[in-house]
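Undergrad:
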Amino acid sequence: MPIVTYLWLVAPLVFFSALLAYALRRASRRQAHLEAARFRGRTSEAGLASAMTDALTRMRGQELAQQARFEALDGFLHQVVESLPHGLFVLGRDGNLRVANGEALRWLGLRESVEGQVLWTLDGTESLRAVAQDCLRADARRDASLVGPGAPGAAVPVIAVPLRDSDGDVDGVLYLVHVERVS
1 MPIVTYLWLV APLVFFSALL AYALRRASRR QAHLEAARFR GRTSEAGLAS
51 AMTDALTRMR GQELAQQARF EALDGFLHQV VESLPHGLFV LGRDGNLRVA
101 NGEALRWLGL RESVEGQVLW TLDGTESLRA VAQDCLRADA RRDASLVGPG
151 APGAAVPVIA VPLRDSDGDV DGVLYLVHVE RVS
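Numbering-wise, the sequence shown is residues 1 to 183 according to full-length UniProt numbering.
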């Protein structure tokens with residue numbers, strides 16, 4: 001094969017290889033240049049403001065996702081508490097009602113949930129208060145038989161359990177009233 005034919009066949013291949021190498025090298029340099037420009041932009045006031053905006057947007061998204069998870073868990077826990085066949089209610093250290101299901105409200109003689117109300121202000125809650133104070137003082141579960149303020153008649157078994165906050169301090173009492181139907 002004559003050398004001229006050989007050059008005609010190989011020369012375009014060499015040319016395109018050189019062109020490809022040049023394009024790749026230029027793209028690499030351009031990428032490095034863009035990264036350097038982006039870094040320089042982030043150090044300027046506008047760049048820092050942009051970075052802060054991006055970070056705040058991400059944090060807000062995380063906060064909204066966490067709030068949605070909390071609301072879903074809260075709804076689930078309320079469903080669990082309401083579905084219990086026994087009365088369940090939670091009081092704070094000072095006797096304020098935090099959570100109560102329907103059976104507990106009937107046993108207490110309340111028509112609707114009065115979360116935040118101090119239960120000790122109601123008539124007939126002296127025995128509940130004594131059990132709560134004993135439970136908090138001893139930091140232990142207490143079992144008692146009590147007559148509910150809204151269900152006069154026979155005493156029913158009541159369990160009082162101290163509740164702890166995230167620091168481990170006792171900050172309330174959970175009552176479980178063993179009655180399925182209160183008349």
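Backbone N, C-alpha and C fix where the C-beta goes; we use that ideal spot for every residue, glycine too.
The structure presented is a predicted model; accordingly, all values stated were derived computationally and were not measured.
Using a Cβ-Cβ cut-off of 6 Å (strictly less than) and excluding sequence neighbours within five positions of S127, which residues of its own chain qualify?
TA: In the sequence shown, counting from the first residue as 1, residue 127 sits at position 127. These residues qualify, in order along the chain: L146.
Undergrad: By Cβ distance, which residues of its chain are closer than 6 Å to V161, with the 5 residues on each side in sequence left out?
TA: Start at 1 with the first residue of the sequence shown, and residue 161 comes out as number 161. Only R141, L174 meet the Cβ criterion.
Undergrad: Just how far apart, CA to CA, sit S17 and A68?
TA: Residue 17 sits at position 17 when you count from the first residue of the sequence shown. Residue 68 sits at position 68 when you count from the first residue of the sequence shown. Distance between the alpha carbons of S17 and A68: 56 Å.
Undergrad: Span of the beta strand (DSSP E) holding L91?
TA: Against the sequence shown, residue 91 aligns to sequence position 91. Its beta strand (DSSP E) spans residues 87-92.
Undergrad: Considering residue 252, what are the terminal residues of the beta strand (DSSP E) in which it resides?
TA: In the structure displayed, the chain extends from 1 to 183; residue 252 sits before or after that span and is not available.
Undergrad: Between Q117 and L97, is the Cβ-Cβ spacing less than 8 Å?
TA: Translated into positions along the sequence shown, residue 117 becomes position 117. Translated into positions along the sequence shown, residue 97 becomes position 97. Cβ distance < 8 Å, so Q117 and L97 count as in contact.
Undergrad: Leaving out five residues before and five after E82 in sequence, what residues of the same chain have Cβ atoms less than 8 Å from its Cβ?
TA: Looking up residue 82 in the sequence shown gives position 82. The answer, listed in chain order, is N101, G102.
Undergrad: From which residue to which residue does the alpha helix (DSSP H) around A144 run?
TA: Position 144 of the sequence shown, counted from the first residue, corresponds to residue 144. Unbroken run through A144 is the beta strand (DSSP E), 142-148; no alpha helix (DSSP H).
Undergrad: Hey, V179 and G87 are a contact pair by Cβ (cut 8 Å); roughly how many whole angstroms apart?
TA: Within the sequence shown, the letter at position 179 stands for residue 179. Within the sequence shown, the letter at position 87 stands for residue 87. That belief holds up - the Cβ atoms of V179 and G87 are roughly 6 Å apart, short of 8 Å.
Undergrad: According to DSSP, is R111 part of a helix, a strand, or is it coil?
TA: For this step, residue 111 is matched to residue 111 along the sequence shown. In this structure, R111 counts as coil in the three-state DSSP scheme.
Undergrad: Ends of the alpha helix (DSSP H) at G172?
TA: Position 172 of the sequence shown, counted from the first residue, corresponds to residue 172. From DSSP, G172 is part of no alpha helix (DSSP H) but of the beta strand (DSSP E) over 170-177.
Undergrad: What are the start and end residues of the beta strand (DSSP E) that includes L97?
TA: Mapped onto the sequence shown, residue 97 falls at position 97. Looking at the DSSP string, the run of the beta strand (DSSP E) that includes L97 is 97-100.
Undergrad: Exposed or buried, what is V182 when buried is set at 16 or more other beta-carbons lying within 10 Å of its beta-carbon?
TA: For the purposes of this step, residue 182 is taken as residue 182 along the sequence shown, with counting starting at 1. Low confidence applies here, because V182 scores a pLDDT of 45, under 50, leaving its location unreliable; read the following figure in that light. Buried: at least 16 other Cβ atoms inside 10 Å.
Undergrad: Which value, in whole angstroms, describes the spacing of the CA atoms of A46 and E63?
TA: The count along the sequence shown starts at 1 and reaches residue 46 at position 46. The count along the sequence shown starts at 1 and reaches residue 63 at position 63. The alpha-carbon atoms of A46 and E63 are separated by roughly 25 Å.
Undergrad: Hey, A151 and W120 are a contact pair by Cβ (cut 8 Å); roughly how many whole angstroms apart?
TA: In the sequence shown, residue 151 corresponds to position 151, counting from 1. In the sequence shown, residue 120 corresponds to position 120, counting from 1. Wrong, their Cβ atoms sit about 18 Å apart, outside the cutoff.
Undergrad: Using beta-carbon positions only, say whether V170 and D139 come within less than 8 Å of one another.
TA: Your numbering for residue 170 matches position 170 in the sequence shown. Your numbering for residue 139 matches position 139 in the sequence shown. In contact: V170 and D139 (Cβ atoms closer than 8 Å).
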